[in-house]
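A.B. asks: Residue numbers for the sequence shown follow the working numbering, beginning at 914 and rising by one.
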Amino acid sequence: MMQLPDGDVGEYRIRLARGERVTVLLREMAAKYGVSRSILGFFIADLVTEQDLMAVQLVWVWDLNQTGKGLTDEQLEDELRNSGVRFGPP
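1. Identify, in the order they occur along the chain, each residue of the same chain with its Cβ nearer than 6 Å to the Cβ of Gln916, setting aside the five sequence neighbours on each side.
2. So, Val935 versus Glu990, is the Cβ gap smaller than 9 Å?
3. Using 8 Å as the cut-off, can you tell me whether the stretch 949-959 makes contact with the stretch 969-987, which would need three or more C-beta pairs spanning the two stretches below that distance?
4. Compare the C-beta of Asp991 against all C-beta atoms of chain B and say whether one is closer than 9 Å.
5. On a Cα-Cα basis, can you pick out the residue from Ser951, Asp965 and Thr962 that is closest to Val974?
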């Protein structure tokens, strides 16, 4: 299982606390690390403090490549918010 480098965890948590969209950050991670949606699910688990399994599962069904299959960006953001997913402190 892959994990975000410790320095990046703090940076992404700060950006989330500032209100940046999770989907924007996930796409950035995918490009930076060259990873798939499966690995992004593990990366998001590094950023959350509550409901990490739910967050992982939601990312796994998200339409990362915007092909029309899976959750849209808006749906993912809404599902994360409505499912009680909480991101850790910066």
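Beta carbons: idealized from backbone N, C-alpha and C, even for Gly. Quick caveat, the model's predicted, so the values are computed rather than measured.
C.D. replies: In short:
1. Asp959
2. yes
3. yes
4. Of the protein chains in the structure, only one exists, and it is not chain B.
5. Ser951
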